[in-house]
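Step one of this worksheet: look at the structure below.
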């Protein structure tokens, strides 16, 4: 098979060394494909130049939708569609509608945000993971560099990665 | 940069490395469970069997088999419901509120506590469902379905309906929160799997997670927002459960302090149940390096705080009953303390207010045996609290001619045992097939904590 997607994979054992390595590799003008780690690394987004996640906005939008739906549903059912006298009170008034409105706000906000996350990160049960190094879910942290993204040769990139304190520098290609 | 403190005691002992964490937790999923596990699950399965028998007749014959009568229309069923919901408060409190407060000690215990929450909420939901009698119609009665489905719209003025929304939202959000946290750990198990079956199962459960920096960044933002959403949610659930009582006009129920009082009680009993379960899990699975005495001590401190809030609430209730000048209210409380159910009131006071104060002694709150015994005592006390609130407020109502006592039948007891059987069976299966400790989170603190462990030596 053609191996147009060839990667240099630098394996690290420590998150602080990896964080410095990411900075020096980027300073050397090498484009990093992605970093993989068994736990979240503090400050990696800034080092890789990732923008802040917009999931909070998604959560807010879904929450607002939940609140609106809950209030419309309750006012429509109780106040319009089938009016019932309960304890001589108004057909529809806000205070008894607050608990359900609150719960549905939280419910839609949480579910909507998680669904957004799952779709954005393309997570699904039948997905075959593209594993650069099997140990990234155990105890190793990995920087993957796509050769197609970079003008430098395999050897030059390998040397740059080596100098940053990588325990191993491997090559990986997917078919 | 992690700051290494030589003053703070380490959260994980034994100078673990990243690889050790994976090995220690995964090996318990991969290896055959110990004999004690089989012993434990056979006990819980026998409880489940007894419970299934009584449950069958509760549904087949109707809830007339319970000891309820015209005066006491709510007794063990609602007591058990409130008790289980209360227990279900610790998990999300630990993972959400302690996350917002950046309490890192939550990391070794949150997974098991959240699992416990989910199982406890299922047990709780079981009682109102059975209480409906024809529970297969419950779906039409509790959810807002169009009139053409056979009944009218649900009544949004009713606190019982608010409860439906509160409990189902709480269950869903807790389940999602728990599952999102499990995804990276399932990926760890997938990548270690030796046989095809477990590789396929954990592969599907892990959703193809590989731990890329982008995914971790989203993951962290999802966890933080879910924590922010779950915090008011967890406080709202027991508040709304207390509305079931507080919005009525029954003396003894019609009280404005119910919401905070119920929430404190829920956290109190939830932490006690977490301690009971974790002390067993820690022993059976030899997790002493991850769940240290320090974790147990911190949870015991939360028990003192919430137990004392509950104690103050009891005294406030008594004072308000006297100060209100309402004879019915005054009688309700006098009857609780000195009437035919005085022994239930005394048990509640002893187990919830007096014995937890023993945790002020460092020797007691760092002793495993004392903690184990007291954690069970707390939950006995909290069960009696709900029993006292529900039954003693009902059994002597406005007409002395209709005064009655409540006596549980075999079916009341059996249905309660059913939930115990379910709860423990589910928890033991979780302990076998799921990573009981959040590996990814523990790995993120392992460097700082194991260095401080070394510094102490």
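Protein chains in written order, with the numbering used here: chain A, 465 to 639; chain B, 137 to 593. All residues carry an ideal CB built from backbone N, CA and C; glycine is no exception. Keep in mind that this is a model prediction, so the values were computed, not measured.
Check, Outcome
"From the DSSP output, which residues share a beta bridge with residue 608 of chain A?", "A/473 and A/498"
"Would you please verify whether the beta carbon of residue 523 of chain A is less than 8 Å from any beta carbon of chain B?", "yes"
"Tell me which same chain residues have a C-beta within less than 7 Å of the C-beta of residue 436 of chain B, skipping the five on either side of it?", "495, 501 and 507"
"Does any CB atom of chain B fall closer than 8 Å to the CB of residue 509 of chain A?", "yes"
"Start and end of the beta strand (DSSP E) containing residue 636 of chain A?", "632 to 637"
"Is the CB of residue 536 of chain A under 8 Å away from at least one CB in chain B?", "no"
"Look up residue 348 of chain B in the DSSP assignment and say whether it is helix, strand or coil.", "strand"
"Using a Cβ-Cβ cut-off of less than 8 Å, give me the residues of the stretch 559 to 590 of chain A that come near chain B, in sequence order.", "560, 561, 563, 564, 566, 567, 568, 570, 571, 573, 574, 575, 577, 578, 581, 582, 584, 585, 586, 587, 588, 589 and 590"
"Between residue 219 of chain B and residue 522 of chain B, how many whole angstroms is the CB-CB distance? I'm expecting something under 8 Å.", "5 Å"
"Please report the distance separating the alpha-carbon of residue 273 of chain B from that of residue 224 of chain B.", "26 Å"
"Relative to the C-alpha of residue 170 of chain B, which candidate in B/417, B/558, B/235 and B/528 has its C-alpha closest?", "B/417"
"Thinking C-alpha only, which one of B/578, B/289, B/446 and B/463 is nearest residue 485 of chain B?", "B/446"
"Let me check understanding here. Comparing Cα to Cα, which of B/186, B/152 and B/398 lies closest to residue 453 of chain B?", "B/398"
"In chain B, which residues lie with their C-beta within 9 Å of the C-beta of residue 553 of chain A?", "293"
"Going by DSSP in three states, residue 369 of chain B sits in which element: helix, strand or coil?", "helix"
"Between the stretch 331 to 346 of chain B and chain A, which residues of the former have a C-beta closer than 7 Å to a C-beta of the latter?", "340, 343, 344, 345 and 346"
"Quick one: what's got a C-beta closer than 8 Å to residue 412 of chain B's C-beta in the same chain, skipping five residues either side?", "508, 511, 512 and 515"
"Is it buried or exposed, residue 230 of chain B, if we count other Cβ atoms within 10 angstroms and call 16 or more buried?", "buried"
"Over the uninterrupted alpha helix (DSSP H) stretch that includes residue 431 of chain B, give me the two end residues.", "429 to 460"
"In three-state DSSP terms, what is residue 294 of chain B?", "coil"
"Residue 369 of chain B versus chain A: which residues are under 7 Å apart at the beta carbon?", "570"
"Whole alpha helix (DSSP H) runs in the stretch 152 to 228 of chain B with 4 or more residues, listed along the chain?", "154 to 166, 171 to 197 and 212 to 223"
"Using a C-beta cutoff of 8 Å, does residue 610 of chain A count as contacting chain B?", "no"
"Would you verify that the beta carbon of residue 512 of chain A is, or is not, closer than 8 Å to some beta carbon of chain B?", "yes"
"Exposed or buried, which one is residue 322 of chain B when buried takes at least 16 other CB atoms within 10 Å?", "buried"
"Can you give me the start and stop residues for the alpha helix (DSSP H) that residue 267 of chain B sits inside?", "246 to 267"
"Please tell me whether residue 519 of chain A has its Cβ less than 8 Å away from any Cβ of chain B.", "yes"
"Would you mind stating whether residue 509 of chain A and residue 211 of chain B have Cβ atoms separated by less than 8 Å?", "no"
"Is DSSP giving residue 543 of chain A helix, strand or coil here?", "helix"
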